[in-house]
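Enquirer: In my numbering, the protein residues as written are 765 to 1050. Input: one structure, supplied below.
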């Protein structure tokens, strides 16, 4: 299985470099630039060890994660208020929660008749829906034009090609039906926001994460004949203003615990930048 070489020093230097680019384009002054260069020198002297990380497929990864998924803090779950706001304007009907997992979005679909589909039997077993179906996003076990609403959260960054998946969403939607997707923004994926799990032997593993551009989502959905109603790129709040720590934290908390080692650089890189991407579409009546 291919492995990822995760060097904490490399991540810290990368954050510093991104912060320096912000300074170079006029967002910060000369003192900030000198501080970042001094911090790079300090980081390079830190006694930090790299970790070899396996790439897990989604079935393996979510099998390992299922038991603790709902009890963990996950910054990506911050999309819930916006998803709730969008769903409040959607008429009640038959809804498909695609890649439903343990039911994070299923629970927001009160008043709908819900079909929950997921490729992980372990995650799906914890979903509260009555109608639960094991299946893949590229071959949904749902009939043509069977649902009025499709929701899909934190799953599309796992798939290498959006086209076939979005075409499936369009296939199962009735004319006039809605599609709502929410996922980690490609900028955040590029900054290292990739789910971490432990394998059966405790080995570090990362789930698949693809940096689909906003345009990739648009092209896939328009190619499937869907009409865009809403596009939201939720911005991240500024990280707390705290002194730098010298503790990299356990691997399971990387890269967020690493960012705490260079907080000024991390604030410059992440504050106000997009963290989540929400899109709402409609299948035309014609």
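No residue lacks a Cβ here, since even glycine has one placed at the ideal position from N, Cα and C.
In angstroms, rounded to a whole number, what distance separates the CA positions of residue 914 and residue 960?
Expert: Taking the straight line joining both Cα atoms gives about 27 Å.
Enquirer: Take residue 867 as the anchor and find which of 875, 856, 879 and 858 has the nearest alpha-carbon.
Expert: When only C-alpha atoms are compared, the closest one is 879.
Enquirer: In its own chain, which residues sit with a C-beta less than 7 Å from the C-beta of residue 782, not counting the 5 before and 5 after it?
Expert: Closer than 7 Å at the Cβ level, and outside the excluded window around residue 782, lie 1033.
Enquirer: Please state whether DSSP places residue 912 in a helix, a strand or coil.
Expert: Strand.
Enquirer: Residues bridged to residue 945 by DSSP?
Expert: DSSP, once it has assigned bridges, lists 916 and 1043 as partnering residue 945.
Enquirer: Residue ranges of each beta strand (DSSP E) run of no fewer than 3 residues wholly in the segment 935-1016, ordered along the chain?
Expert: Entirely contained in the segment 935-1016, the beta strand (DSSP E) runs reaching 3 residues are, in chain order, 937-948, 960-962, 968-970 and 991-999.
Enquirer: Under the criterion of a Cβ to heavy atom distance below 7 Å, does residue 1014 qualify as lining the ligand GTP?
Expert: Among the ligands in the structure shown, none appear at all, so the ligand GTP cannot be discussed.
Enquirer: In chain order, what residues of the same chain have a beta carbon less than 8 Å from the beta carbon of residue 791, not counting five sequence neighbours either side?
Expert: Counting only Cβ-Cβ distances below 8 Å, and skipping sequence neighbours, we find 1032.
Enquirer: Quick check for students: name the residue ranges of the alpha helix (DSSP H) that lie wholly in the segment 781-840, counting only runs of 4 or more.
Expert: Listed in chain order, the complete alpha helix (DSSP H) runs (minimum 4 residues) inside the segment 781-840 are 794-808 and 822-833.
Enquirer: Express the C-alpha separation of residue 890 and residue 917 in angstroms, rounding to a whole number.
Expert: Each residue's alpha carbon lies about 16 Å from the other.
Enquirer: Over what stretch of residues does the alpha helix (DSSP H) that includes residue 851 continue unbroken?
Expert: From DSSP, the alpha helix (DSSP H) with residue 851 extends over 844-852.
Enquirer: For residue 979 and residue 926, what's the separation of their Cα atoms in angstroms?
Expert: Going from the Cα of residue 979 to the Cα of residue 926 covers about 11 Å.
Enquirer: State the start and end residues of the unbroken beta strand (DSSP E) segment that holds residue 860.
Expert: 858-862 is the span of the beta strand (DSSP E), which, as asked, contains residue 860.
Enquirer: Please say whether residue 920 and residue 929 have beta carbons closer to each other than 8 Å?
Expert: For residue 929 and residue 920, yes; Cβs fall inside 8 Å.
Enquirer: Whose CA, out of 856, 973, 1002 and 768, lies closest to the CA of residue 942?
Expert: Closest by alpha carbon: 856.
Enquirer: Taking just the CA atoms, how far does residue 850 sit from residue 1049?
Expert: Cα to Cα, the separation comes out at about 20 Å.
Enquirer: Starting from residue 894, trace the beta strand (DSSP E) in both directions and tell me its first and last residue.
Expert: Careful: residue 894 lies outside any beta strand (DSSP E) and carries neither H nor E.
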